[in-house]
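Position 78 (the sequence shown) corresponds to 140 in the working numbering; numbering is contiguous. These notes are about the structure you will find just below.
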Amino acid sequence: QAFPFLRKLSLSNRKGQQLKNNKMNYPLIKYPHLNNLELIDIHKDYVELFLDNTKTLLSDNLCLSVEYRPLRKVTNNFKKDTMRFNCAKVIKLMIPAKFKISQRFKAYFPHV
């Protein structure tokens, strides 16, 4: 477990990752007690890093704050399977903008 006692994490970084290599085999980062994740004013690379279940394992009952545009991009308009597992753990979702809630969005976040 990478961060066994972390309950809240807030990131703010508009710069993308410099060395982004999706083919590298890094260990899974686990956040077993994280219940509040804020990804506001952030580059989409970090949204992808936290929501992709091949890279990060988030805890159940998560409160997620994220901007809609990077969320839609990294999930491929809510069709990307590797994001579905962590997104299904979200029970409260805060998006600071108006947007149309699609059926795919509802399926991605079934507990919101």
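Just so it is clear, CB atoms sit at the ideal spot from N, CA and C, and this is done for glycine as well.
Classification of residue i by the beta-carbon crowding that lies within 10 angstroms, buried from 16 upward
i    : result
F67  : exposed
T137 : buried
L90  : exposed
K135 : exposed
Y108 : buried
F161 : exposed
Y88  : exposed
I104 : buried
In DSSP terms, what residue i is bridged to
i    : result
E100 : S72, S127
E118 : It is Thr, not Glu, that sits at residue 118 in the sequence shown. BP columns for T118 point to I91.
Whether residue i touches residue j by CB criterion (8 Å)
i    : j    : result
L124 : L101 : no
Y130 : R146 : no
N148 : T118 : yes
F140 : F167 : yes
P132 : A150 : no
L155 : L126 : yes
N97  : R69  : yes
V174 : I153 : yes
T144 : D114 : yes
_Runs of beta strand (DSSP E) wholly within the segment 124-165 (minimum 3 residues, chain order)_ = 124-128, 152-156
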